[in-house]
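Student: In this note's numbering, the protein residues as written are 31 to 163.
Where is the CB? At the ideal position from N, CA and C, for every residue including glycine.
Bear in mind the structure is a predicted one, so any value in this text is a computation, not a measurement.
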């Protein structure tokens, strides 16, 4: 009986840790998207990993890349979080974004843990999706 209780409490602890991790990842992505909506590229840039920050060097360069390459993220009409997965040791958060024209896009955000929390290390556009499917 004691082992069963220990196993149950360990499982509950792991589940709550995974839930907190998932909630923090979703909150960071949502906050970055919110910053894009108001053209606050400095705040959006702060949610990027050091690798991404080194690649783009400035919030303005980063903002220009998002405006031109990911307009659905820059001005989304709706954002929904799908599954968080581990692939080859990396965490990927799948996000469904509906743009202003009603088109649905599925993106994958690679997340990395830093000393100051989770950061976005890259985004892949997986394609368009039909929400009715």
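Does the contact criterion of 3 or more C-beta pairs under 8 Å hold for the stretch 86–104 versus the stretch 112–120?
Tutor: Contact fails: fewer than three Cβ-Cβ distances are below 8 Å.
Student: What is the DSSP secondary structure of residue 77, counted as helix, strand or coil?
Tutor: The residue labelled residue 77 in the question sits at position 47 within the chain shown. In this structure, residue 77 counts as coil in the three-state DSSP scheme.
Student: Between the stretch 132–149 and the stretch 74–82, can you find at least three pairs of beta-carbon atoms closer than 8 Å?
Tutor: In short, these stretches touch, since the Cβ pair count reaches three.
Student: Where does residue 116 fall in DSSP's three states?
Tutor: Working through the chain shown from its first residue, we reach residue 116 at position 86. Note: residue 116 maps to strand in three-state DSSP.
Student: What are the start and end residues of the alpha helix (DSSP H) that includes residue 103?
Tutor: To locate residue 103, count along the chain shown from 1; it is residue 73. Unbroken alpha helix (DSSP H) run through residue 103: 101–104.
Student: Does DSSP put residue 93 in a helix, a strand or coil?
Tutor: On the chain shown, position 63 is the one that residue 93 refers to. In this structure, residue 93 counts as helix in the three-state DSSP scheme.
Student: Does residue 139 have its Cβ less than 8 Å from a Cβ in chain D?
Tutor: The chain labelled as chain D is not found in the depicted structure, where only one protein chain is given.
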